[in-house]
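Just so you know, the sequence shown maps onto residues 26 to 103 in this note's numbering.
Beta carbons are placed, not taken as given, at the ideal position from N, Cα and C, and that holds for glycine.
Take a look at the structure below.
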Amino acid sequence: MKLPPIHFASGGAEALEFYELLSTLNPNFRPVVLSWGAGFDSTALLIEYILNPESRDFPLENLIVIHSVVGGEPARLK
């Protein structure tokens, strides 16, 4: 399966094929991506994954956590 390329916004770096990048790390690497919004649910899930290996069906080193601070939070949460 061919995966989409990764594009870098800085430094003018050329796009790298996602699959090629991952295969250089480990040919059996299968990423699990957690979008962490820093809210209650995603934080609880992240803590559970880290502290309780039985809660996940993948090795922790396969976990990729993505977070972005965009400033769109409601005022009551700031």
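**Study point:** Endpoints, the beta strand (DSSP E) within which S67 is located
**Key:** Looking at the DSSP string, S67 is not in any beta strand (DSSP E); the run it does join, the alpha helix (DSSP H), is 65-76.
Review point. Which same chain residues, not among the five before or five after I89, have their C-beta less than 8 Å away from its C-beta?
Key: Result list for I89: P56, V57, V58, L59, in chain order.
**Study point:** Environment of R101 [buried if 16+ CB atoms lie within 10 Å]
**Key:** With fewer than 16 other Cβ atoms within 10 Å, it is exposed.
Review point. Terminal residues of the continuous beta strand (DSSP E) containing V95?
Key: Run containing V95: none; DSSP gives neither H nor E here.
Review point. Measuring CA to CA, which of L76, A69, W61 is closest to H92?
Key: For H92, the nearest C-alpha among the options comes from W61.
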